[in-house]
Amino acid sequence: MIAPLSLLLIAPPIIAAFLLVRAAMPRWRPAMVMLLCAMSAVPLVGAWIVAAEVGGAGPKLLSLSAILLGSIALVAGFGLVERALGGSKDDPA
């Protein structure tokens with residue numbers, strides 16, 4: 061079960077990121093989204109530290125799944141921004 065305090069701690073950054081991207085000029089939105097995707101790599105470092113420090117199988121598995129899902133989110137975020145910008149210049153279409 062998620063503690064109510066943890067929800068109170070995670071909600072303001074999510075709301076601030078949404079409002080920041082929404083308030084940005086349209087030509088700056090892709091750059092803002094890429095910056096926020098890059099900032100999402102910070103919890104990955106914490107998950108790596110936890111994976112190295114813990115001894116039990118449960119916390120180690122949970123931190124490794126956080127690393128996997130965070131890496132997927134990071135790469136997918138950059139890929140979506142690239143696609144939104146029109147793809148690479150090498151595309152024949």
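For the sequence shown, the working numbering gives the first residue as 61, with consecutive numbering after it.
Cβ coordinates follow ideal geometry from the N, Cα and C atoms, glycine included.
Taking C-beta to C-beta, are residue i and residue j nearer than 8 Å?
i, j, result
"residue 139", "residue 100", "no"
"residue 90", "residue 144", "yes"
"residue 130", "residue 104", "yes"
"residue 92", "residue 84", "yes"
"residue 126", "residue 107", "yes"
Which of the three DSSP states, helix, strand or coil, is assigned to residue i?
i, result
"residue 114", "coil"
"residue 101", "coil"
"residue 84", "coil"
"residue 140", "helix"
"residue 130", "helix"
"residue 106", "helix"
"residue 145", "coil"
Under 6 Å Cβ to Cβ from residue i, same chain only, skipping five residues before and after it: list those, please.
i, result
"residue 110", "123"
Indicate whether at least one CB of chain D lies closer than 8 Å to the CB of residue i.
i, result
"residue 78", "In the structure shown, chain D cannot be found, because there is only a single protein chain."
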